[in-house]
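Asks: Residue numbers (this note's numbering): 19 to 134.
(1) Looking only at its own chain, which residues have a Cβ that is under 8 Å from the Cβ of residue 84, when we skip the five neighbours before and after it?
(2) State the beta-bridge partners of residue 22 as determined by DSSP.
(3) Nearest CA to the CA of residue 64: which residue from 55, 71 and 70?
(4) Please go through the region 38-103 and give each complete beta strand (DSSP E) segment of 3 or more residues, from N-terminal end onward.
(5) In whole angstroms, what is the alpha-carbon distance linking residue 97 and residue 53?
(6) Could you check which residue in 94, 43, 58 and 124 has the C-alpha nearest to that of residue 69?
(7) Under the three-state reduction of DSSP, which class applies to residue 114: helix, strand or coil?
(8) Given a cut-off of 7 Å on the beta-carbon distance, is the pair residue 128 and residue 105 in contact?
(9) Give me, in chain order, the residues of the same chain whose beta-carbon lies closer than 7 Å to that of residue 78; leave out the 5 immediate sequence neighbours on both sides.
(10) Under the three-state reduction of DSSP, which class applies to residue 124: helix, strand or coil?
(11) Three-state secondary structure (DSSP) at residue 105?
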């Protein structure tokens with residue numbers, strides 16, 4: 019039941035999820051969530067472009083609520099908590115692999131026992 023919108027702005031054609039807003043006048047509050055750079059068409063010999071990601075809301079109150087939810091989620095991030103409590107670590111040579119410290123291995127093993 020997902021909606022896909024197609025936008026055209028000059029030569030750019032873009033696909034987006036969800037319904038579009040009719041005009042930018044509906045946007046009363048926004049935040050830039052992250053940015054990154056990329057090469058034009060992935061070619062390193064071409065110029066660098068900036069990507070900007072963001073979120074918008076029809077009311078400033080909604081932006082404030084969203085920011086609060088993001089802050090609360092960051093406090094409960096299991097990756098942050100696990101590192102702070104010395105439960106596990108990641109090694110630069112194997113960034114996708116979690117290595118447990120003794121306390122983390124104990125919790126992991128107890129979870130496995132519980133699941134079984």
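Virtual Cβ for every residue (Gly too), placed ideally from N, Cα, C.
Replies: Quick answer:
(1) Only 49, 73 and 75 meet the Cβ criterion.
(2) DSSP lists 35 as partners of residue 22.
(3) Distances from the alpha-carbon of residue 64 to those of 55, 71 and 70 put 55 closest.
(4) Runs found: 47-57 and 66-75.
(5) The straight-line gap from Cα to Cα measures roughly 22 Å.
(6) It is 58.
(7) Secondary structure of residue 114 (DSSP, three-state): strand.
(8) For the 7 Å CB-CB criterion, residue 128 and residue 105 do not form a contact.
(9) Cβ neighbours of residue 78 within its own chain (closer than 7 Å, five residues either side excluded): 46 and 47.
(10) The DSSP-derived three-state label of residue 124 is helix.
(11) Here DSSP, grouped into helix, strand and coil, assigns residue 105 to coil.
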